[in-house]
Each structure stands twice: as C-alpha cells, then as structure tokens.
Amino acid sequence: MGYLRSLTELDLRINSFNDSIPTLLGNLTKLTTLSLHENYFSSSIPEEIGYLKALTQITLSINYLNGSIPSLLGNLRNLQTLFLDANNLSEKVLSSVCLTSLEELYVMRNNLRGEIPQYLDNISSLKV
0 MGYLRSLTEL
10 DLRINSFNDS
20 IPTLLGNLTK
30 LTTLSLHENY
40 FSSSIPEEIG
50 YLKALTQITL
60 SINYLNGSIP
70 SLLGNLRNLQ
80 TLFLDANNLS
90 EKVLSSVCLT
100 SLEELYVMRN
110 NLRGEIPQYL
120 DNISSLKV
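Set out below in structure tokens:
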C-alpha cells in the first residue's frame with residue numbers, strides 16, 4: 000500500500016479488516032480522502048495519518064479504535080471532515096489538536112473526557 004503514492008482517495012469501508020490500521024498509510028502523501036469505517040480495526044489511530052497534509056476527509060467511524068486522538072492530526076490544516084464516532088477512544092477531546100478548517104466533527108459514542116477545546120468555538124465553518 001505504501002507504493003501507491005499518487006493515490007488521492009482510499010475507500011475500504013464496510014469490510015472485515017481487523018488488527019491495526021497500517022502505518023504505511025503515512026506514505027500516501029497525496030491522499031485527500033481516507034474512509035475506513037465499519038471494519039474491525041482495534042488499535043489506536045496511527046500517528047502517521049498526521050503526515051497526510053492533503054487530507055480533507057477522515058472517516059474511521061464504527062471500529063474498535065482505542066487510546067487517544069493523535070496530536071499529529073493538528074498538522075492537517077486542510078481537514079474538513081473528521082468522523083471518529085462509535086469507537087473506544089478514551090482520552091481528552093482533541094485537546095492538543097487545532098483543526099481550523101473543520102466543517103464536520105463526529106466524536107459521539109466514545110469514552111472521551113475533559114472539556115471541549117476553546118478553539119472549536121472559533122471555527123465559523125463547523126456545523127453543529
């Protein structure tokens with residue numbers, strides 16, 4: 000998968016993939032859309048996704064992802080859609096991530112805790 004460097008969209012939703020999301024995704028630097036929802040991924044979200052600066056959409060909903068939302072996602076300045084709902088994420092809510100281009104953010108049905116970050120109030124394009 001790491002050799003598909005010109006790939007712009009990766010849609011592997013609604014399959015039976017399990018174990019970890021491959022860290023080789025970090026090599027797909029032209030990727031704009033990453034859809035891996037409705038699988039059985041059961042690890043944490045790999046930090047390598049934060050290297051994909053062209054990403055505008057990440058959909059990781061309905062998996063068994065755990066741990067925290069990687070702070071490297073803050074590098075994704077073009078990210079408009081972030082769907083992480085229905086997982087087992089359990090750390091603070093995007094505390095060290097500042098995604099000012101966000102239009103849609105779904106994090107419900109997790110075990111997130113803490114306060115909602117102040118910067119979310121300042122994103123005029125964010126739909127609530």
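First residue of the sequence shown? That's 0 in numbering that gives the first Met the number 0, and the numbers climb one at a time after it. Idealized CB from N, CA, C, for every residue including glycine.
Taking the Cα of S19 as reference, the smallest distance to any Cα among S89, N121 and Y39 is reached at Y39. Per the Cβ contact rule, the region 46-59 is in contact with the region 19-34 (3 or more Cβ pairs under 8 Å).
Taking 8 Å as the cut-off, the Cβ atoms of S34 and N65 do not count as close. In chain order, N38 place their CB closer than 7 Å to the CB of N14, counting only its own chain and leaving out the 5 sequence neighbours on each side.
When the alpha-carbon of L111 is set against those of Y63, S41, S89 and L72, the nearest one is in S89. The straight-line gap separating the alpha-carbon atoms of T7 and V106 is approximately 24 Å.
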